[in-house]
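Report on the structure given below.
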Amino acid sequence: MPMKSKDKVGRRFSSRSVLPLFLAVGLILLLLFICFSYFVLEAGASICLSIGCLRWRIGHTFLGSGDPSEELVRELRKAFVGDEDGKDGPSLNQMALDAAAESLDALIAEMAISTSDYNQHIDVKTFAHKAMAMIMNMDRKVKKARLQGLIYQQLASIGIPVSMHCLTLLLVDEYTANSLARSSLPPPEYSSRLTDDSYIHIALLTNNVLAAAVVVSSTLASSSSQENLVFHIVTDKNTYTAMHTWFSLNPVFPAIIEVKGLHQFDWPAHVNALVMETVQEIHHSSLVHHQLSRVNEEFGRLQTLNPSAFSLLNYLRIHLPELFPKLRRVIFLDDDVVVRQDLTELWNSDLNGNVNGAVTAAVVNDKGYQQCLGKQYQDYLNFSNPIISSPLLGLESQKCAWLGGMNVFDLEAWRQTDITKTYQHWLKLNRESGFHLWRMGAQPPALMAFGGQVQLIDPSWHLSGLGRRLPDPELLESSSVLHYSGPRKPWLGTGIPELQVFWRTYLNHSNDFLSNCKVME
Numbered sequence: 001m002p003m004k005s006k007d008k009v010g011r012r013f014s015s016r017s018v019l020p021l022f023l024a025v026g027l028i029l030l031l032l033f034i035c036f037s038y039f040v041l042e043a044g045a046s047i048c049l050s051i052g053c054l055r056w057r058i059g060h061t062f063l064g065s066g067d068p069s070e071e072l073v074r075e076l077r078k079a080f081v082g083d084e085d086g087k088d089g090p091s092l093n094q095m096a097l098d099a100a101a102e103s104l105d106a107l108i109a110e111m112a113i114s115t116s117d118y119n120q121h122i123d124v125k126t127f128a129h130k131a132m133a134m135i136m137n138m139d140r141k142v143k144k145a146r147l148q149g150l151i152y153q154q155l156a157s158i159g160i161p162v163s164m165h166c167l168t169l170l171l172v173d174e175y176t177a178n179s180l181a182r183s184s185l186p187p188p189e190y191s192s193r194l195t196d197d198s199y200i201h202i203a204l205l206t207n208n209v210l211a212a213a214v215v216v217s218s219t220l221a222s223s224s225s226q227e228n229l230v231f232h233i234v235t236d237k238n239t240y241t242a243m244h245t246w247f248s249l250n251p252v253f254p255a256i257i258e259v260k261g262l263h264q265f266d267w268p269a270h271v272n273a274l275v276m277e278t279v280q281e282i283h284h285s286s287l288v289h290h291q292l293s294r295v296n297e298e299f300g301r302l303q304t305l306n307p308s309a310f311s312l313l314n315y316l317r318i319h320l321p322e323l324f325p326k327l328r329r330v331i332f333l334d335d336d337v338v339v340r341q342d343l344t345e346l347w348n349s350d351l352n353g354n355v356n357g358a359v360t361a362a363v364v365n366d367k368g369y370q371q372c373l374g375k376q377y378q379d380y381l382n383f384s385n386p387i388i389s390s391p392l393l394g395l396e397s398q399k400c401a402w403l404g405g406m407n408v409f410d411l412e413a414w415r416q417t418d419i420t421k422t423y424q425h426w427l428k429l430n431r432e433s434g435f436h437l438w439r440m441g442a443q444p445p446a447l448m449a450f451g452g453q454v455q456l457i458d459p460s461w462h463l464s465g466l467g468r469r470l471p472d473p474e475l476l477e478s479s480s481v482l483h484y485s486g487p488r489k490p491w492l493g494t495g496i497p498e499l500q501v502f503w504r505t506y507l508n509h510s511n512d513f514l515s516n517c518k519v520m521e
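Under UniProt numbering, residue 521 is the last one in the sequence shown; the count climbs by one each step, no gaps.
As structure tokens, this is what we get:
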């Protein structure tokens with residue numbers, strides 16, 4: 001009997017214990033079902049069946065594994081910057097960059113497709129690397145687009161408008177058909193003025209007929225004694241006929257003008273050898289530069305596309321004493337200037353024995369310190385090169401550079417120096433260095449060659465940079481010579497409209513040639 005009683009008690013204990021257990025299990029399953037349903041709805045009907053996905057979803061909430069946003073920030077920092085020790089920084093191969101998403105929307109779509117395909121959560125590290133690949137790819141495209149824009153801008157700045165091509169062709173035809181277009185410049189009875197130092201001699205080296213016309217027209221309009229002016233225009237063989245025709249049919253009397261092609265100079269043998277040395281060096285440098293630009297970065301093309309960098313006429317200004325052997329002094333003007341004041345005072349400037357009278361874009365501020373508003377020596381020369389930074393040269397990187405394009409030269413003093421030979425030496429040295437001393441151009445070697453031979457003149461004579469930006473209105477109003485240095489020349493569609501008006505003022509819009517070719521319309 002006692003045994004039976006004991007079995008009965010055991011069975012009663014077992015049934016009472018199992019019931020609560022089933023209830024507890026049921027409650028747990030119900031809780032799990034509710035949580036599962038919540039996460040399914042939260043994922044936007046994306047069913048999370050993998051253990052990894054469930055661990056990621058539930059872990060942050062119930063297992064205390066940290067804030068997911070903090071993990072994202074940590075992985076993004078590691079992907080873009082590296083860890084705290086500076087290791088594991090950005091490193092993606094070309095294949096990863098090429099496969100990167102094109103935009104943030106594309107990246108999100110890619111993540112959504114991957115999640116749907118594999119039914120699992122993509123970890124934060126993968127997202128960070130994909131985001132880095134996308135940003136690096138976009139940055140690469142932005143740089144490429146910027147470079148392309150610069151190239152297009154450069155092409156626009158060197159392109160010759162159709163109207164100017166038309167003008168040249170019409171003038172060449174006129175030279176053939178019209179005897180007046182072939183008349184002597186200047187007329188024989190005035191040829192003695194060409195070497196008479198009692199006149200003001202103004203020199204231009206240009207192959208741009210329209211630009212030369214504006215320089216001459218603006219100088220005449222600003223002069224109080226036109227009969228004292230003598231213009232010397234030196235051009236290349238291809239432009240000579242058109243240039244001669246224009247000034248034959250548009251006389252500048254009482255001033256006189258000479259138009260001469262390079263092919264018409266008859267120098268003595270030693271002078272011819274000196275000039276040819278510069279010509280050959282420019283041709284050699286041009287060839288070498290084009291070869292180097294093929295193996296260097298694409299940005300090198302911008303310099304190759306720059307016509308002034310290899311324009312022979314730009315470099316031949318170093319031979320002004322040879323071009324005008326009988327003159328003692330000359331005012332040199334670039335073809336992209338507008339003259340707005342009588343040049344007599346400039347002509348009479350005291351150069352104190354120096355060769356070059358020039359302006360620097362420097363002003364004295366309220367504290368008495370000199371401030372450079374224009375380019376400094378370091379903008380032209382590479383001071384990271386030991387040749388340029390050598391103490392023997394004594395160059396100051398932050399010194400304000402003198403401006404070219406409007407200068408008065410004492411040719412008699414120039415002939416007593418070795419400026420031209422020094423210029424040629426630096427041209428050659430730059431080529432032999434792989435163009436590491438400066439970017440190809442005529443002004444940097446001039447800064448080197450004229451060192452110690454420059455007399456600074458009143459800054460109001462020369463305002464440069466009008467082919468790049470709008471200047472201060474007060475400077476614009478007070479400046480005697482406006483210089484459209486820079487890519488946005490006033491005869492181009494890319495010119496700055498507010499500044500083009502000063503240049504267009506000196507165009508004769510009633511001229512038949514300009515009207516027929518629709519110049520500046």
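The C-beta atom is built at its ideal place from N, Cα and C for all residues, glycine as well.
Just so it is clear, the structure is predicted and the values come from calculations on it, not from any experiment.
Straight-line Cα distance separating residue j from residue i
i: Ala446; j: Leu249; result: 36 Å
i: Lys399; j: Leu373; result: 11 Å
i: Ala442; j: Leu381; result: 12 Å
i: Leu205; j: Arg431; result: 24 Å
i: Glu412; j: Trp426; result: 23 Å
i: Pro187; j: Thr239; result: 21 Å
i: Phe332; j: Asn314; result: 12 Å
i: Leu292; j: His283; result: 14 Å
i: Leu229; j: Leu194; result: 10 Å
i: Arg488; j: Gly467; result: 4 Å
i: Trp402; j: Leu470; result: 20 Å
i: Asn508; j: Leu393; result: 49 Å
i: Asp236; j: Gln378; result: 33 Å
i: Lys130; j: Thr494; result: 41 Å
Classification of residue i by the beta-carbon crowding that lies within 10 angstroms, buried from 16 upward
i: Glu258; result: buried
i: Asp472; result: exposed
i: Thr505; result: exposed
i: Gln416; result: exposed
i: Ala221; result: exposed
i: Ser285; result: buried
i: His270; result: exposed
i: Gln280; result: exposed
i: Ile200; result: buried
i: Gln264; result: exposed
i: Ile388; result: buried
i: Asp334; result: buried
i: His289; result: buried
i: Gly404; result: buried
i: Asn352; result: exposed
i: Glu189; result: exposed
Closest Cα partner of residue i within the set the options
i: Ala273; options: Arg328, Ser222, Ala401 and His319; result: His319
i: Ala309; options: Arg439, Ile160 and Asn516; result: Arg439
i: Ser397; options: Met448, Gly486 and Arg328; result: Met448
i: Val408; options: Arg317, Ala181, Leu393 and Phe247; result: Arg317
i: Asp196; options: Phe231, Ser184, Leu456 and Met136; result: Phe231
i: Tyr423; options: Pro444, Arg140 and Asp410; result: Pro444
i: Leu434; options: Val454, Leu323 and Leu287; result: Sequence inspection shows Gly at residue 434; the Leu mentioned does not correspond to that position. Minimum Cα distance to Gly434 is reached at Leu287.
i: Glu277; options: Trp246, Gly261, Leu312 and Ile28; result: Leu312
i: Ser198; options: Leu456, Leu463 and Thr344; result: Thr344
Integer Cβ distance of residue i from residue j, believed to fall under 8 Å
i: Trp414; j: Pro321; result: 5 Å
i: Val209; j: Thr168; result: 6 Å
i: Ala203; j: Val330; result: 5 Å
i: Pro251; j: Gln226; result: Not a contact, Cβ separation roughly 12 Å.
i: Phe450; j: Ile496; result: About 30 Å; that fails the 8 Å criterion.
i: Ala358; j: Gln371; result: The Cβ separation is near 18 Å, so there is no contact.
i: Asn385; j: Leu437; result: 6 Å
i: Ala211; j: Asp336; result: 6 Å
i: Met164; j: Trp491; result: 7 Å
i: Gln453; j: Asn354; result: 5 Å
i: Leu463; j: Leu482; result: 6 Å
In DSSP terms, what residue i is bridged to
i: Arg329; result: Asp410
i: Ile200; result: Leu229
i: Trp402; result: Thr360
i: Leu463; result: Leu482
i: Val355; result: Val355 is not bridged to any residue.
i: Gly261; result: Thr235
i: Ile256; result: Val230
i: Gln500; result: Partner(s): none; Gln500 has no beta bridge.
i: Val172; result: Val172 pairs with nothing; no bridge assigned.
i: Leu456; result: Ala358
i: Cys372; result: Ala362
Proximity test, Cβ basis, 8 Å: residue i and chain B
i: Gly465; result: Among the chains of the structure shown, chain B does not appear; only one protein chain is present.
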